[in-house]
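Per my numbering, the sequence shown starts with residue 28, numbered consecutively. This report concerns only the one structure given below.
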Amino acid sequence: MAVALGCALYASPALAQSTTEHTPYPPAANGEGRVTNAYATARWSENWSAPGEAREIDDPLDRLKHIRLDSDDDIYLTLAGEMRLRTNFTSNPGLVKNEHQRHDILRVTGGADLHLGEHVRLYGELSHADSSGHNIGTPSVYQENDLVVEQSFVEVTGTLGGLDLGARYGRQMFYDGSKMLVSQRDNNAIHYTQNGLRLWARGRDVRVDLFDFKPTAYGRQGTGDDRINDAIRFSGVTVGTQLPRDLLGGSTLSFDPFVWRLRRREATWVATSGREERVYVGAHAWGDVGPVNIDWTVNHQSGSFEDRAIDAWQVFLSQTVALGAQKGAPRIGFNFDYASGGGGNEDGPGAGKMRNAISPHGANTPFSHHLFLTASNLVEVAPTLSLSPFKSVKILADYSFAWRATTNDAIYRANTRPLAGTQLSTSHKTAEMPRLQVQWNISPRVGITARYEHVFAGPALREAGYGDSDFFGTWISLRF
């Protein structure tokens, strides 16, 4: 389909160079991630179309961002790279009394973005991950990997009737939605990526995104053992809208309803496993209303697990308010997260509805860097505080309280597997977690982060044999 659209763009001047004046959909809200100081997690979302001399920058590395390949500058190449060094220290890893763990993780990534005229681009990205340390066991393929093709796609774009149209086919990051539902999982050295087709049409205030994906199943030994995981398929449509700016007395708000489907041939719960198909119907509202910032997501999940009906809910509410009009003013707020549970520990003829919610591929570190929680059978509330004592320094602090949504089900870890024995616990309260993070953006290319968390294990964990734990992580990212 991408190739066909590309042929149409070149064959039809009316499509390729529409004279209809149009205002593009806000780039920060188009489902491709935010660009901060010219850089982004998905490097292909950066815009280096202007030559270096137009940006009046005399920097050897900056010259790699726009390499002319023809005299008209219609064809150019953008190179990108990142090296991230990270160390995690965890006491009582797995929340079990044991020798401490120190995990040193290296990420090295290089990307090339080839623009073939105004409408066609080819993007490729290679990544390497290395792990060492103390008491780390066997690292996952996301933390130790010789070499992977992390992303590789062709993209075709054009305009028609005031709309920006596009198609992207191949291996790619996808996080068009709340990070609690879809994330590239930057905590890992190797990102979570999807394989398939993404289509979009974007106007001034409305956009439509359609996608059909299967995730990447990485091997360890190089690019030859990576494959597409045919056992999981994720598809759907998101309709993004920009709400009127005069709403609620002045706002910049996005409202993005979505309908998604997630199919898993072998979903594993506490007592059983089998084929599962979920349909997500929900909406993501986010942005600013005066001094208040919100990020709200609600979705209902229906479908079937084997011969059982699915009836599950997720609610993610994050809100902060600025304590002053100046830029960088302190912000206070709270997070509330709810993910229904129940049914995962049932099997046989008497089993009822499956009420366990899951996220397609959401981030788990917002719940805990110990990775013992995920968005299933969970209630979490956390007062939050953020400060910027200096322009380049940001401090984030919160104190989280976590419970099980129902005591008739387990606590689920970041990999969606149950935490052994917790399904037998009779208590709701899971844990309390004070957390502190300091980010220092030395320059747009260099950033240092340090994070501390402590888990005060609650009765639901202690009854299953788990206890307290500390986490301290620090990492430095260098990129161009």
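Here a beta-carbon is modelled for each residue, glycine too, at the ideal position from N, C-alpha and C.
Per DSSP, the beta-bridge partners of A336 are S331.
Non-local beta-carbon contacts of L91 in its own chain, meaning distances under 6 Å to residues more than five positions away in sequence, involve L106 in chain order.
Listed in chain order, the beta strand (DSSP E) runs fully inside the region 185-244 are 190-199, 221-229 and 233-244, counting runs of at least 3 residues. Contact annotation: F361 and A409 have beta-carbon atoms nearer than 8 Å. Rounded to whole angstroms, the gap between the alpha carbons of P87 and I503 is 22 Å.
Within the region 274-358, the complete beta strand (DSSP E) segments at least 3 residues long are 278-295, 300-316, 319-332 and 335-349, listed from N- to C-terminus. For L405, the enclosing beta strand (DSSP E) starts and ends at L405 to F417. Here the alpha carbons of A437 and L488 stand approximately 10 Å from one another. Spanning the alpha carbons of Y196 and H388 requires a straight line of approximately 19 Å.
Leaving aside the five residues that flank T392 on each side, the residues in its chain whose CB is nearer than 7 Å to its CB run, in chain order, N214.
Partner residues in the beta bridge of G160, as assigned by DSSP, are H130.
Ranked by Cα distance from Y202, the first of V319, N57 and Q248 is N57. I259 sits buried, since 16 or more C-beta atoms from the chains shown fall within 10 Å of its C-beta.
Annotation: the continuous alpha helix (DSSP H) that includes A487 extends over P486 to R489.
With 16 or more other CB atoms across the displayed protein chains lying within 10 angstroms of its CB, N222 is buried. With a cutoff of 8 Å on beta-carbon distance, A366 and S403 are scored as near each other. Each residue's CA atom was taken as its position, placing R129 and Y219 some 23 Å apart.
With a 10 Å radius around the Cβ and a threshold of 16 neighbouring Cβ atoms, H127 comes out exposed. For S419, the number of other beta carbons within 10 angstroms of its own is below 16, and it is reported as exposed.
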